[in-house]
Every structure is written in structure tokens, then in C-alpha cells.
Amino acid sequence: MKKVLIIAQGGLNRGGIQTVIMNYLRYLHNTYSFDIVVFSKDKRDYDEEFLSYGGQIFRMYYGGGSSRLGKQREKFLRFTKGYFYLKKILKDRGPYDVVHCHNGIESTFALKAAKKMNVPVRISQAHVIFDDHNNNYFFRVKNDFLKKIINKNATHQIGCSKLACDSSFFGSYFIIKNPFDSIVFSQTDYDENSFSCPVLIQVGNISNLKNQLYSAKILYHIVKRYKNARLIFVGKAYGGYDLLLNDYIESNSLKGNVEFHSATSNIPLLMSQACYLVQPSRTESFAIVLVEAQSMGLRCFASDVIPQEANAGGVRYLSIEDDPCIWANSIMHDFEQSGGCREHYDCSDYKAETISFEIDKIYNSK
1 MKKVLIIAQG GLNRGGIQTV IMNYLRYLHN TYSFDIVVFS KDKRDYDEEF
51 LSYGGQIFRM YYGGGSSRLG KQREKFLRFT KGYFYLKKIL KDRGPYDVVH
101 CHNGIESTFA LKAAKKMNVP VRISQAHVIF DDHNNNYFFR VKNDFLKKII
151 NKNATHQIGC SKLACDSSFF GSYFIIKNPF DSIVFSQTDY DENSFSCPVL
201 IQVGNISNLK NQLYSAKILY HIVKRYKNAR LIFVGKAYGG YDLLLNDYIE
251 SNSLKGNVEF HSATSNIPLL MSQACYLVQP SRTESFAIVL VEAQSMGLRC
301 FASDVIPQEA NAGGVRYLSI EDDPCIWANS IMHDFEQSGG CREHYDCSDY
351 KAETISFEID KIYNSK
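Residue numbers for the sequence shown follow the UniProt record's numbering, beginning at 1 and rising by one.
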């Protein structure tokens, strides 16, 4: 059985990148032996499931203290520390047949170590849009240098969308869509509801990036016509953004129209209780939640900065530069035409078993 070493992004918490990793493992763990390097000291959501497949979790933590000098020093040293740490794992626990990196620009040290240790398949997978146009000249030069190292040491450069790949790589690449769990997100498992008013849902970390405040403003305009309209938020709050969001909800008398649920909630069940998913993100590299929602039969309204690779026919793209009332009017117009009833979208190209087969071909390419 071939051995694969995964390099994670952060820890195995319930995030988009980590869910992609776990979707691969659920279909490939009987074919390959998986170990993983994570960048966290503590246990996270998916740790137990990963260990149940027989793999090992190696922890590498970047500290550096709270001072600005300490953080800058740590950033400077992390590539060297990472390189030698990975070499030691590859030597002591190997040989590995594949090193599969999910940590973006920081995959340089792992790929370089893997090449040095003669690992035949070395993959860098882009999950985010890497935008450094606003950085100063020094950082842009540094990032270009790191991209060249990735291109030199990776045997495969892959990503979830053209935007993600173009921003992360030099040289050739190919696109592999992010997988979703079609067994979990199956609309046939849930009774179809009838709706007397629009019910919206947004899934994702409660943060400025996901832009939940914009969704609340959409709801504000919908409630003027449908006083019982609801908005369901699912996700973990970051950076105090929830305080800003709650302040808007309370000051506009929307508290009775908004629900908050944790990231560990039964998301398919919550989706079955809604008729629209809204995703006014400021940036996304793919937005797998759009595929999950379409698989559940929901119509989706999404920011036009989100790549269209996640559109299975049920996504309408609008600009977050527009007034939220434009989104609200589009949703209400659709509701008056359709009653919010479920549609049936073909999401088979995104199934985890289909995408995992593509990953399997890469793992066996050498």
C-alpha cells in the first residue's frame, strides 16, 4: 500500500480546506496509508476521524510570542524549521510515495524537502485566491520567489478554480473541483417544505470575509414585505465580527428573524428548512457550500467575485457593490415566481467519489 503524507492548512478543524482533505480520505483510505502534518497544538474537529483510518498526526506549531518582532522572526524562520522538520518525518516515518500539500504558498518547504528525500509524487493544491497586489514590493518579490520554488519542486500543481491557480502558481496546472459529500447533502432524505415567506441561509465563518452583515441588510429589505422572513446563520464567529453583526440586527429590530447555529450543527437539516442560500463573500476560491446547497435543491444568490466553477445551474451572481435591496428584490421576485420550492440540480461532477478518482490517478502517476 502506497504511503501519502498530507500537509494541512492549520489544524483539522471544520473548515473548507480540511473538509476537502477528509472527503478525499473517506474514499481513498482503503487504498493508501495516510499520515498528516498539522499546524496546531490542540485537538480539532476531524482529528478522531482521521486517526480512525489508521494514520498518524504530526504537529508542527508556529509560535513567536505576542510581540511584533517575535512574529516577524517566526515568519522568517518557519521555512527553515519546516524544511528540517519535514525531512525528519520523511526519513524516520517513510519512505512516502506522495506528499500532498494544502498549505498554499507555505508548501515550499515541504515540496523542497520531499524532492530532497526523493518522494516521487509532490503535489501543491491551491485552495485560496492568493492576492498580493496590495503588498509592498518586497513581499511581492518574496512571493514570486516562493512560487518559483513550488513550480521547481512540485510534480503537480492543481487547484479548485482558474482564479486560485492563476494567483498561486507559475507554470502549468490543472483544475480539480472541490468535492462534496453527496450522501450527506441529499435532498431526498428530507421532506420538502412549503414556504409562506423567504427563508435564507448562509453557511461559513462569521467574519468580514464572508460578509454576513450584507446578508442581514438583505433580510432588512425582505422583512419590509415579508415580516416573518428568516435568515439562518451557521458558523463560528471570528475577530469580533459577530458583535458588529448583532449590533445591526438589534438596532434594526431583526432579532426575531435571525437564527445562529454552530459550525457543528446538522447543516443539511438546516438547509432543508430554507429555500435560498446567500453567499455575499468578499472573496472565495471555490465556495463548496454553493454545491452543497444546490445538491439540497436550494436556489443560490452569490457574490460575483466567486468563481463560477461551483455553479451547477442554480447560482445567480450579483455584486456586493450594489445596494442590498437589489439582492432582496431579486430574491423576492424569485420567491413570488417559484414559492421557494426546491429544484433538482445535477451535482454529480462534484461528488467526492468522482473527485477522489482524479486524485487517485495523480497519486499513481509515478
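Cβ coordinates follow ideal geometry from the N, Cα and C atoms, glycine included. Since the structure is predicted, the reported quantities are computational estimates derived from the model, not experimental observations.
Ends of the beta strand (DSSP E) at Gly-16?
No beta strand (DSSP E) contains Gly-16, which is instead part of the alpha helix (DSSP H) from 16-28.
If you reduce the DSSP assignment to three classes, tell me which class Ala-164 lands in.
Helix, per DSSP.
Between the stretch 250-260 and the stretch 150-170, do three or more beta carbon pairs fall short of 8 Å?
No, the stretch 250-260 does not touch the stretch 150-170.
For Val-289, three-class secondary structure by DSSP
When secondary structure is reduced to three states using DSSP, Val-289 falls in the helix class.
Counterpart residues of Gln-187 in DSSP-defined beta bridges:
Gln-187 pairs with nothing; no bridge assigned.
Per-residue DSSP class, three states only, for Asp-349
Under the three-state reduction of DSSP output, Asp-349 falls in the helix class.
Do Lys-177 and Tyr-363 come within 8 Å of each other at the CB atom, strictly closer than that value?
No, these two residues do not count as a Cβ contact at 8 Å.
Endpoints, the beta strand (DSSP E) within which His-156 is located:
DSSP places His-156 in the uninterrupted beta strand (DSSP E) bounded by 156-159.
Considering Cα atoms alone, identify which of Gly-240, Ala-263, Leu-231 and Ile-288 is closest to Gly-256.
It is Leu-231 whose Cα lies nearest to the Cα of Gly-256.
Reducing DSSP to helix, strand and coil, say where Glu-192 ends up.
In this structure, Glu-192 counts as coil in the three-state DSSP scheme.
Straight-line Cα distance separating Lys-116 from Leu-243:
Approximately 48 Å, taken between the alpha carbons.
Nearest to Ser-40 by alpha carbon, out of Ile-21, His-29 and Ala-8?
Ser-40 has its Cα closest to that of Ala-8, out of Ile-21, His-29 and Ala-8.
Own chain partners of Ile-175 with C-beta closer than 8 Å, once the 5 adjacent residues on each side are dropped:
Excluding residues within five positions, the ones whose Cβ falls inside 8 Å are Ile-158, Gly-159, Cys-160, Ser-161, Lys-162, Cys-165 and Glu-309.
With respect to the alpha helix (DSSP H) encompassing Cys-325, which residues constitute its N-terminal and C-terminal limits?
DSSP places Cys-325 in the uninterrupted alpha helix (DSSP H) bounded by 324-338.
Straight-line CA distance for Asp-42 to Leu-12?
CA-CA distance, Asp-42 to Leu-12, rounds to 10 Å.
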